Every structure is written in C-alpha cells, then in structure tokens.
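Notes to accompany the following structure.
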Amino acid sequence: MPHFTIVIGTRHWSSWSMRPWLALRHTGAPFDEVVLPHRTPAGKAEAVALGPTGLVPLLIDRRGDEPVKVWDSLAICEYLAESYPEAGLWPADRVARATARSISAEMHSGFRPLRIALGMDLFEHLPGVGLDEPGVGADIARIDTIFRDCRTAYGLDGPYLFGHFTIADAMYAPVISRIRTYEPKMSDIAGEYVATMLADPGFRAWEDAARREL
Ligand SMILES: N[C@@H](CCC(=O)N[C@@H](CS)C(=O)NCC(=O)O)C(=O)O
C-alpha cells in the first residue's frame, strides 16, 4: 500500500487540488487518492471528517509510526519538496528558488479577480467570457509578465518556468487551464510556455483522470 494518500476535489473544478497533485506525481512516489465530489454535502462531510479545515487538498503521509496530515496546497508542495529533494521541486539556485517561492506564494495569496471571474472548468471553451471583469486584465498582465520574466531569466535549460518542472509550474497549472478556456491575449513567450504546460505529462494525466471522473 502506498505511503501517501492525497485527498482532492473533482478534477474539473478543483484548482487547489491540481497543484499539489502535480507536485506529488512529479516526485514519482506511489500514492493513493481520494476524490471528493466538489461542492456537495457528501464531499464536504468527508472533507470535514478527514482534515482540520474541511477543505481539499489534504495529504496523508503514513511513512512513520503516526500518519502525518498536511493541508493547504502550498504547504503540501513544500512538504513534498522537503521529502524528495532529488525531485528538484524547487530550483537549485538560491536566487531562482527565491523567485520561484515568491511567484508561488503570489499565486497562492493573490489573483483574486481572476480566480473569481474565470473559474477553472477543465474542458470548457468560453473565449472572452469574464475578461472584462474588474481586475482580470491586470491579473492576466501580471501573469504574462511572470511567465516572460521567468522563462527569460531562469528557463534556458528547459521549457518550464525555471527550466525543469518545479512547484512554480504546479502552482500556475490551473491558470494554464483557464487561459485555454477563456483565451486572453498572451505574449509569444507566455504562449509558448502555456503550450508546454498543456503538453506536460502530469497535466495530461490530470486531464485523463478528469475525463474518467464525470
Ligand atoms: N488555501 C487552500 C484553499 C483550499 C480550497 O479552497 N479548496 C476548495 C476546493 S478547490 C474546497 O475545499 N472547497 C470546499 C469548501 O469551500 O467547502 C489551499 O491552498 O489548499
């Protein structure tokens, strides 16, 4: 039996679940998953029973004598980076790592207009919808700048934000889905990065599992 269990919400909509799920998959560690139906009383009751916040994602690590529960997407990603340093979930370079952590935290705590107006709906195609809502344009512009700056300054050794796949890519993965759904205008460099993420094996695996869910 795998040591790790990740509790997530329905993949079509649970953007917070997608992030640590991608990071966990990237470690190569075997894991079980529990998928709770999004925004249903049954799903909520199970989430409340399993974790302290009643929210997903939640990671349960049974490697030790007592199970360790880690909640909140970014904390789970940090825990995985610490558990599997060889997976390179943060960039090795100190400055790159500081930037990766900053933009990951920025995503975790910010971009509220975008998250409210452009909900993640994995396979929807709604070009232009919500893009005129207050604050959305500024959020898109900031995301474009992040993608361009990281790819230009740190992404020379590979196609991801910091060359190889890191937690920063996982944190922005739901935004990639939203860009595909709502089609805001992006710069060429950002657009290339979006294409990289849409072809990422982890991103594809999440989508394949989502197709089987509903
Ligand atoms: N800050 C949390 C947010 C978690 C969150 O809001 N999860 C949503 C699913 S994407 C949830 O559990 N919603 C159910 C509810 O609000 O009752 C994180 O980063 O994990």
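Here the sequence shown is numbered in the working numbering, starting from 1011 and rising by one per residue. All C-beta atoms in this analysis are idealised placements derived from N, C-alpha and C, irrespective of residue type, glycine included. Please read all numbers here as calculations on a predicted model, not as lab measurements.
Can you confirm whether the stretch 1016 to 1025 touches the stretch 1171 to 1181 when touching is taken to mean that 3 or more C-beta pairs between the two stretches lie within less than 8 Å?
In short, these stretches do not touch, since the Cβ pair count stays below three.
What does the Cβ neighbour count give for Leu1084, buried or exposed, with the cut at 16 atoms within 10 Å?
Flag for Leu1084 reads buried.
Relative to the C-alpha of Tyr1182, which candidate in Asp1103, Glu1143, Glu1116 and Pro1123 has its C-alpha closest?
Comparing Cα positions, the closest option is Glu1116.
Confirm, please, whether the CB-CB distance from Phe1172 to Ala1108 is below 8 Å.
In this structure, Phe1172 does not lie closer than 8 Å to Ala1108 by Cβ.
Taking Ala1035 and Gly1212 to be in contact with their CB atoms under 8 Å, please state how far apart those CB atoms are, rounded to whole angstroms.
Checking the sequence, you will find Arg at residue 1035 rather than Ala. Going by Cβ atoms, the distance from Arg1035 to Gly1212 rounds to 5 Å, so yes, they are a contact pair.
Taking the continuous alpha helix (DSSP H) assigned at Trp1100, which residues delimit it?
Counting along the chain, Trp1100 falls outside any alpha helix (DSSP H), and DSSP gives it neither H nor E.
Please state the DSSP three-state secondary structure of His1013.
His1013: coil per DSSP, three-state reduction.
According to DSSP, what are the bridge partners of His1174?
Answer is Phe1172, bridged to His1174.
Whole-angstrom Cβ separation of His1013 and Arg1073, contact assumed at under 8 Å?
That belief holds up - the Cβ atoms of His1013 and Arg1073 are roughly 5 Å apart, short of 8 Å.
In angstroms with no decimal places, state the Cα-to-Cα distance between Leu1060 and Ser1025.
Going by the C-alpha atoms only, they are around 19 Å apart.
Thinking just about the alpha-carbon of each residue, which of Trp1216, Lys1054, Pro1169 and Glu1056 is nearest to the one in Leu1132?
Cα-wise, what sits closest to Leu1132 is Trp1216.
Going by DSSP, what residues sit across from Ile1070 in a beta bridge?
Paired residues: Thr1015 and Lys1079.
Does the beta-carbon distance from Ala1127 to Gly1147 come in below 8 Å?
Their beta carbons are not under 8 Å apart, which means Ala1127 does not touch Gly1147 by this criterion.
Mind checking whether Trp1081 and Ala1091 have CB atoms under 8 Å apart?
Taking 8 Å as the Cβ cut-off, Trp1081 and Ala1091 do not qualify as a contacting pair.
Return the Cβ separation of Tyr1192 and Leu1136 in integer angstroms, given the expectation that the two are a contact with Cβ distance under 8 Å.
At roughly 6 Å, the Cβ-Cβ gap stays under 8 Å, so Tyr1192 and Leu1136 are in contact.
Determine which residues share a DSSP beta bridge with Asp1042 and list them.
Per DSSP, Thr1015.
Less than 8 Å between the C-beta atoms of Gly1038 and Ala1102, yes or no?
The answer is no: Cβ separation not under 8 Å.
Do Pro1030 and Ile1086 have their C-beta atoms closer together than 8 Å?
Result yes, Cβ atoms of Pro1030 and Ile1086 sit closer than 8 Å.
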